[in-house]
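Trainee:
Numbering (our numbering), first residue to last: 515 to 963.
Written out as structure tokens, the structure reads:
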């Protein structure tokens, strides 16, 4: 096979094989716990490069994986062709139509910057450094979501290279089954080279975060469970148990200690937001309270996700309520009385528009749940058994069937299929077998083994 790889695809971007200078940098993932080991990596510069690389892999009988920023790299790509899309980062905004178009390697920060001068915002996620395409194809649960729904609900058009190497433009009127499946089924049907989606009016928001001492975790989660259930859908929130390192990039009061972080994004009048926040402010004394009126360009202030690459193992489950029993189990497994290598345990409030069907149906799973409970552990090989056991204990609560692709971590095909009810699962598999009968796209979060 190595000999066959000497016949490289006719692409404008670079092609590396193991041992080449530049190979390691090209396959590097933001989640450094995932080390890709492809037979070759193609640095695509255009949709034509992607199509040529897929056709080349087809002549060699090799599977194909794709990576943009590497935030969603939960399983290593081994033995096939890896296509990287970071060089395809074009973004455009039509402020009249309130529509944006992002190429395969674009990050949310680019869309936010292009939309902000027009008082518009995308349905981006907790970090603006994440890639637009992978996040959206997995559903997309962001801080505007309770008001506007999943990011995938607002996709108008997708440009995608399928397993036969064809570049297709799909929407509600063109190859509707594929358009349905790719919005929620993530990378199982091809490589999306560009995506077109709606923007919403959101020049600013009332929000940010409140940090509390970890010793108050039980009280804060108890108050949060009752408070969040009564919120209007203009307010999106989450609460996280954080174990941040004793490191210079962490604010001194939060270093090396368990803290509880309330995250808030409210699309309404600040005085109404202040009134809504009162029960949480009264729940416990705060260490830091940086809630303010902010431009949407400052949306990262809500979650304050890390920006440096890190090793992680992650998984989530869906809940229909935060019962006292659920809160008690979470605190017992991740609260102040335990020492675990799990930097974050988050409860993210869903409900609202997340429960409503979109104007054009899609394959987003988990619709109808009220919360997602999500844990991120340190992805160090020597800690894997301890981390996995800790995450299992944290997630051992009363759950509802199904799951969200972007919160499924490195689950295998059986668990990934379980994200959907039977009818949607059957439809996804029909589309998969129609467009990818030999399972060329089987890395990442695969529907099929």
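All C-beta atoms, glycine included, are put in the ideal place defined by N, C-alpha and C.
All figures in this text were calculated on a predicted structure; none of them were measured in a lab.
#1: Where does residue 871 land, buried or exposed, given buried means 16+ other C-beta within 10 angstroms?
#2: Can you tell me the Cβ-Cβ gap for residue 695 and residue 877, rounded? I've got them flagged as a contact below 8 Å.
#3: Just to confirm, are residue 919 and residue 652 a CB contact at a threshold of 9 Å?
#4: Buried or exposed for residue 610, going by 16 or more other Cβ atoms inside 10 Å?
#5: What is the rounded straight-line gap between the Cα of residue 904 and the Cα of residue 726?
#6: At a Cβ threshold of 9 Å, is residue 883 touching chain C?
#7: Specify the secondary structure class of residue 515 as computed by DSSP and reduced to three states.
#8: Taking three-plus beta-carbon pairs below 8 Å as touching, is the segment 857 to 871 in contact with the segment 739 to 749?
#9: Reducing DSSP to helix, strand and coil, say where residue 747 ends up.
#10: Going by other Cβ atoms of all chains shown within 10 Å of its Cβ, with 16 needed for buried, is residue 535 buried or exposed?
#11: Look at the alpha carbon of residue 516 and the alpha carbon of residue 594, and state the distance between them as a whole number of angstroms.
#12: Between the beta-carbon of residue 637 and the beta-carbon of residue 663, is there less than 9 Å?
#13: For residue 762 and residue 895, I'd like the C-alpha separation in whole angstroms.
#14: Locate the beta strand (DSSP E) running through residue 808, then write down its first and last residues.
#15: Rounding to the nearest angstrom, what Cα-Cα distance links residue 642 and residue 785 in this structure?
#16: Using the Cα positions of residue 590 and residue 584, report the straight-line distance between them to the nearest angstrom.
#17: Leaving out the 5 sequence neighbours to the left and right, which residues in its chain are closer than 6 Å to residue 767 when beta-carbon positions are compared?
#18: Assign residue 707 to one of three DSSP states: helix, strand, or coil.
#19: Can you list the beta strand (DSSP E) stretches of 3 or more residues lying completely in the segment 654 to 700, in chain order?
#20: Would you identify the three-state DSSP class for residue 919, choosing helix, strand or coil?
#21: Among the candidates 910, 805, 901, 769, whose CA atom is the shortest distance from the CA of residue 831?
#22: For residue 604, name the three-state secondary structure that DSSP assigns.
#23: Pick out whichever of 521, 709, 951 has its Cα sitting closest to the Cα of residue 620.
#24: Using the Cβ count rule (16 or more neighbours within 10 Å means buried), how would you classify residue 677?
#25: With DSSP collapsed to three states, give me the class of residue 801.
#26: Please classify residue 839 as buried or exposed, where buried requires at least 16 neighbouring CB atoms within 10 angstroms.
#27: Classify residue 827 as buried or exposed, calling it buried when 16 or more other Cβ atoms lie within 10 Å of its own Cβ.
#28: In or out: residue 952 buried (at least 16 other Cβ within 10 Å) or exposed?
#29: Per DSSP, residue 965 forms a beta bridge with which residues?
Mentor: Let me lay it out:
#1: exposed
#2: 5 Å
#3: yes
#4: Burial call: exposed.
#5: 23 Å
#6: Chain labels in this structure do not include chain C; a single protein chain is all it has.
#7: Confidence is the limiting factor: at residue 515 the pLDDT is only 42, short of 50, which leaves the residue's position unreliable and the question unanswerable from this model.
#8: As far as the Cβ criterion goes, the segment 857 to 871 touches the segment 739 to 749, which means the pair count is three or higher.
#9: coil
#10: exposed
#11: With a pLDDT of 46 at residue 516, under the threshold of 50, the modelled position of this residue cannot be trusted; read the value that follows with caution. In a straight line, the C-alpha of residue 516 is about 11 Å away from that of residue 594.
#12: yes
#13: Roughly 25 Å separates the two Cα atoms.
#14: 806 to 809
#15: 27 Å
#16: 11 Å
#17: 801
#18: strand
#19: 669 to 675, 681 to 684
#20: helix
#21: 910
#22: coil
#23: 709
#24: By the neighbour-count rule (16 or more Cβ atoms within 10 Å), residue 677 is buried.
#25: coil
#26: exposed
#27: With 16 or more Cβ atoms within 10 Å of its Cβ, residue 827 is classed as buried.
#28: exposed
#29: Outside the displayed span of the chain (515 to 963) sits residue 965, for which this structure offers no information.
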